[in-house]
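Protein chains in written order, with the numbering used here: chain D, 1 to 332; chain E, 1001 to 1243.
Every residue, glycine too, gets a C-beta built ideally from N, C-alpha and C.
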Amino acid sequence: MVEIKNLSKYYGRNPAVKGIDFEIRDNEILGFLGPNGAGKSTTMNIIAGYLPSTGGTVTVNGFDITEQASEAKKCIGYLPEIPPVYPDMRVEEYLTFVAGLKGVPRKERKAQVEDAMAKLHITDMRRRLIRNLSKGYKQRVGFAQALLGNPKILILDEPTVGLDPTQVMEVRNLILELGKDHSVIFSSHILAEVSAVCQRVVIINKGEIMAEDTIENLEKNLTADTVLNLTAEGDKDKIIRLLKDIRGVNSVADVKEISENRNLYQIELAEESVRNEIMSVLLNNQCSIVEMHLAKLNLEQVFMKIIQEKKKSSLEQLIDETKQSNPYDEEV
Amino acid sequence: MFSLYKKELQSFFFSPFAYVLTALFMLIFSFAFVTAIASMDSNVLKFSFPGIFYDNFFFFIFIIPILTMRSFADERRGGTEVLLLTSPLSVGKIVLAKYFSILTVFAVMMFSTLFFPVYAAINGQVMWSSLICAYLGFYFWGMVCIAVGMLLSSLTGNAIIAAILGEIIMEGTLLVDQIGGTALVNAYPKLNSAISWISMQRRFIYFSQGMFRLEDLIFFLSAAAVVICWNIIAIEKRRWSHS
């Protein structure tokens, strides 16, 4: 289990992470999501003990990462963004070296290396120089390295970057498999991946946590408004007027013209049942309905919405703050 | 720690790197050897090597920065520094493992030059006491230079810049003597004594004359230790102010 409390990191005067709190529970796969430059890699580097934090604490299985670094680091397997491989070494030689570096007893090294190679399907490549491997294979060698020493916690920084679709599937399955008896935190900016693998996600942007919840809850909470996509034939202005008159319709927007006299509208409803009313009103007024369906936000939209909402709110906050600090502005 | 030491040694000996450097080292040594024989007096009974070592310094000192330039710079450039720093090893152990591996390579290089004294001993007589002391002195001096070279490699993070800076500093340690010999410095006895205290070349003279002084041994070992500690602190410091 990893606990992150009030963690912050400044590069000079630039904040990269601003006081974040979250935890990774036992045997859980946690998705760490955010756009580029959000502070994902910085946070992971701190958890893995590569970078010290400016403030706050990281506790790994009860060991503080800076105070009891050696014990804490033994519990962690880390795959950084760029796989940390030596190009002049052979795959097996490299993995044996890493096993030694992590303090795996001499007798167990061979078995662990074999095991890690088998899990990542790189046994055929054992004699190859890492320099001559493709990007995907290098990534897998890096992943295999993280598994050595049987760490309980795995930190994977964008593990599927550079892999082809079949390899992506394999790695996802591997992560799911590992999630049964490991705590996994893995970062990505690909949302489909996160929703396929993780039970819980932490969304981070500009060094702050935007949301922390299960995927179902995130989707549920952010789709409180019911949105109806409607394609109808008839005079545009008339349809919009009719729709707006219906009780329970919050707003109507005409999105685009599909063909002559046929338009797509996006309607926000107070509740789902209003759609029967819409149907009857339109049919009574000789407008024909081509298609009608309820829109559900997927994780991609949820993500965009969270980031945009927070952006807006932080902008409003900023305006408020400047107003407060310059009370004379309005008088002038 | 032993794993890292072994891996470092492999990176030297599984590539042409160590062999080319050793060959270069032997080449320089053989030039000095031939010149020493050619210019030998007919009334010399025993062959003494310290002169050869002495002639060697100006060339030999260029080899050490090449030996050390990659030690930390390559780790930083290749992103493998993350692997070492997130391993359970402490920074001190990482630096020491790398240091000992380069010392081992250096010892192999020194060992290869034994060819010349052995050859001289077969065909003539050699002053073994001063030879052994000269070898020891040479090795101790090398220990300090290697520590400095590693520090530069970790500070600059670029192998080429580390090598060039290394050459300049190594040359500087030799030039300290020349500066000490100038009339300007001699006018101030205290300055002169300070310079001769830090001059490694003057300490080496004692070794080359077959004198093993504890004072010199402690000087070389403590200088190497100070630079190694500096290196450890420099790496920790860079982590804390990483940008």
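Bridge partner(s) assigned by DSSP for residue i
i	result
D/Gly77	D/Leu154
D/Ile278	The partner list for D/Ile278 (beta bridge, DSSP) is empty, contrary to what the question assumes.
D/Val161	D/Val161 pairs with nothing; no bridge assigned.
D/His293	D/Asn229
E/Glu1167	Answer is none; E/Glu1167 lacks a bridge partner.
D/Gln266	D/Asn229 and D/Ala253
D/Val2	D/Ile24 and D/Val60
E/Ser1208	E/Ser1208 is not bridged to any residue.
D/Ser288	D/Glu233
E/Ser1241	Partner(s): none; E/Ser1241 has no beta bridge.
D/Ser259	D/Arg262
Any C-beta of chain E under 8 Å from that of residue i
i	result
D/Ile82	yes
D/Lys73	yes
D/Gly37	no
D/Val332	Residue confidence for D/Val332 is low, a pLDDT of 39 falling below 50, so the modelled location carries little weight; the figure read from the coordinates is stated next. So, not an interface residue.
D/Lys18	no
D/Gly56	no
D/Lys102	yes
D/Tyr265	no
D/Tyr78	yes
D/Glu48	Just to set this straight, residue 48 of chain D is Ala in the shown sequence, not Glu. Closer than 8 Å: yes.
D/Tyr328	Only weak support exists for where D/Tyr328 lies, its pLDDT of 49 falling under 50; the value from the coordinates is given anyway. Closer than 8 Å: no.
D/Ser8	no
D/Leu129	no
Any non-hydrogen atom of the ligand SAH closer than 7 Å to residue i Cβ
i	result
D/Arg241	With respect to the ligand SAH, the structure shown offers nothing to examine, as it has no ligands at all.
Where residue i meets chain E, residues with beta-carbon distance less than 9 Å
i	result
D/Val98	Ser1003, Leu1083 and Ser1087
D/Asp64	Going along chain E, no residue has its Cβ under 9 Å from D/Asp64, so there is no contact; the nearest lies around 15 Å.
D/Ala144	Neighbours of D/Ala144 on chain E: none; closest Cβ ~13 Å, over 9 Å.
Any C-beta of chain D under 8 Å from that of residue i
i	result
E/Ala1234	no
E/Gly1079	yes
Closest by C-alpha distance to residue i, when choosing among the options
i	options	result
D/Lys5	D/Tyr11, D/Asp21, D/Gly142 and D/Thr160	D/Asp21
D/Arg140	D/Lys206, D/Asn150, D/Lys102 and D/Val91	D/Val91
D/Glu271	D/Val290, D/Ser280, D/Asn250 and D/Met279	D/Asn250
D/Glu344	D/His121, D/Ser70, D/Ala72 and D/Tyr50	The structure shown does not extend to residue 344 of chain D, since chain D is modelled only from 1 to 332, so the question has no answer here.
D/Ser288	D/Gly162, D/Met89, D/Gln68 and D/Arg262	D/Arg262
D/Val281	D/Asp164, D/Gln112, D/Gly31 and D/Ile246	D/Ile246
D/Lys74	E/Thr1068, E/Gly1078, E/Leu1084 and E/Pro1065	E/Leu1084
D/Asn132	D/Asp88, D/Glu23, D/Glu3 and D/Ile240	D/Asp88
E/Phe1111	E/Tyr1135, E/Tyr1188, E/Asn1123 and E/Gly1092	E/Tyr1135
E/Glu1255	E/Gln1209, E/Met1001 and E/Arg1203	Absent from the structure is residue 1255 of chain E, since the part of chain E shown begins at 1001 and ends at 1243.
E/Ser1208	E/Val1095, E/Tyr1139 and E/Val1091	E/Tyr1139
D/Gly142	D/Ser70, D/Ile46 and D/Glu158	D/Glu158
D/Asp115	D/Arg128, D/Pro105, D/Gly149 and D/His293	D/Gly149
D/Leu178	D/Glu71, D/Asp237, D/Gly39 and D/Pro151	D/Pro151
E/Val1095	E/Gln1125, E/Ser1071, E/Met1040 and E/Tyr1019	E/Ser1071
Within chain D, partners of residue i - CB distance below 8 Å
i	result
E/Ser1015	Asp88
Partners in chain D for residue i, counting only beta-carbon separations shorter than 7 Å
i	result
E/Lys1007	Phe97
E/Ser1011	Asp88
Listed by chain order, chain D residues near residue i by CB distance under 9 Å
i	result
E/Ser1090	Ala69 and Ser70
Minimum Cβ-Cβ distance from residue i to chain B less than 8 Å
i	result
D/Lys206	Going by chain labels, chain B is absent from the structure shown, which instead holds the protein chains D and E.
4 or more residues per run - each alpha helix (DSSP H) lying fully within the segment 1028-1109 of chain E: Fully enclosed alpha helix (DSSP H) runs of 4 or longer: 1050-1060, 1063-1068, 1070-1078 and 1081-1085.
Complete runs of the alpha helix (DSSP H) confined to the segment 181-256 of chain D [at least 4 residues]: 191-197, 215-222 and 236-245
4 or more residues per run - each alpha helix (DSSP H) lying fully within the segment 58-146 of chain D: 69-74, 91-101 and 106-119
Ranges of the alpha helix (DSSP H) found wholly within the segment 4-64 of chain D, counting only runs of at least 4: 40-48, all fully within the segment 4-64 of chain D.
Unbroken stretches of the beta strand (DSSP E), 3 residues or longer, contained in the segment 1113-1137 of chain E: none
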